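Trainee: This is the structure I have questions about; it appears just below.
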Amino acid sequence: MKQKLNKYLDRGNLTKIATIYNYLGSNGGVVLNLEPPYLEIITEEPVLVDIDGYLVPFFIDEDTVFYNKKTVSLRFTSVKTQKSASSLIGRDVYALTESLDIDEEEEDSFEYEGYTAYDHHNNLLGVITG
Numbered sequence: 000m001k002q003k004l005n006k007y008l009d010r011g012n013l014t015k016i017a018t019i020y021n022y023l024g025s026n027g028g029v030v031l032n033l034e035p036p037y038l039e040i041i042t043e044e045p046v047l048v049d050i051d052g053y054l055v056p057f058f059i060d061e062d063t064v065f066y067n068k069k070t071v072s073l074r075f076t077s078v079k080t081q082k083s084a085s086s087l088i089g090r091d092v093y094a095l096t097e098s099l100d101i102d103e104e105e106e107d108s109f110e111y112e113g114y115t116a117y118d119h120h121n122n123l124l125g126v127i128t129g
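Mapped onto numbering that gives the first Met the number 0, the consecutive letters of the sequence shown carry residue numbers 0 to 129.
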């Protein structure tokens, strides 16, 4: 199924998810520094790499995605060499916002998990456990 790429060209519909930090190996792999909140990259959708102001779609070889804390290593299907991968270093990576799975309620509760609440008399009201 061919997808229309015009929906990916409007920056208002995009979220920056990472910056390409380094190349990985000699077969075109790259390492991305993820942006908070460290969203999972959906391999069925292309990501867009900002190359000199142009948003260029790249599809991900889904068998190469490995997360390590705040980074992810992967290989784009169209990047086959270390030279090609190294030319992408420093480029920002975007994803279509509607394809990102962000549960705002979960994000808010996680932010306050472990918070201890007191009343105006310094009496313990409780601890947020999540």
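Using N, Cα and C, we set each Cβ at its ideal position, and we do this for glycine too.
Owing to the predicted nature of the structure, the values given are computational and were not obtained by experimental measurement.
1) Which residue comes first and which comes last in the beta strand (DSSP E) that contains SER72?
2) Taking a contact to mean a Cβ-Cβ separation below 8 Å, would you say LEU71 touches LEU13 in this structure?
3) Return the Cβ separation of LEU31 and LEU99 in integer angstroms, given the expectation that the two are a contact with Cβ distance under 8 Å.
4) Figure out for me which residue from ASP62, VAL78, TYR53 and SER77 has the closest Cα to the Cα of ASP91.
5) Which word fits ARG74, buried or exposed, when buried means at least 16 other C-beta atoms lie within 10 angstroms of its C-beta?
6) Once you ignore the five residues that flank ASP60 on each side, which residues in its own chain have a CB closer than 6 Å to its CB?
7) Find the nearest neighbour of ASN26 within the set LYS68, THR80 and ASN122, judged by alpha-carbon distance.
8) In the DSSP assignment, what are the bridge partners of ASN26?
Mentor: According to the data block:
1) According to the DSSP assignment, SER72 belongs to the beta strand (DSSP E) that extends over 70 to 74.
2) Note that residue 71 corresponds to Val in the displayed sequence, not to Leu. No, Cβ-Cβ distance for VAL71 and LEU13 is not below 8 Å.
3) So it is not a contact: roughly 15 Å between Cβ atoms.
4) TYR53
5) buried
6) Same-chain partners within the cutoff: ARG74 and THR76.
7) Of LYS68, THR80 and ASN122, the residue nearest in Cα terms is THR80.
8) Paired residue(s): none; ASN26 is not in a bridge.
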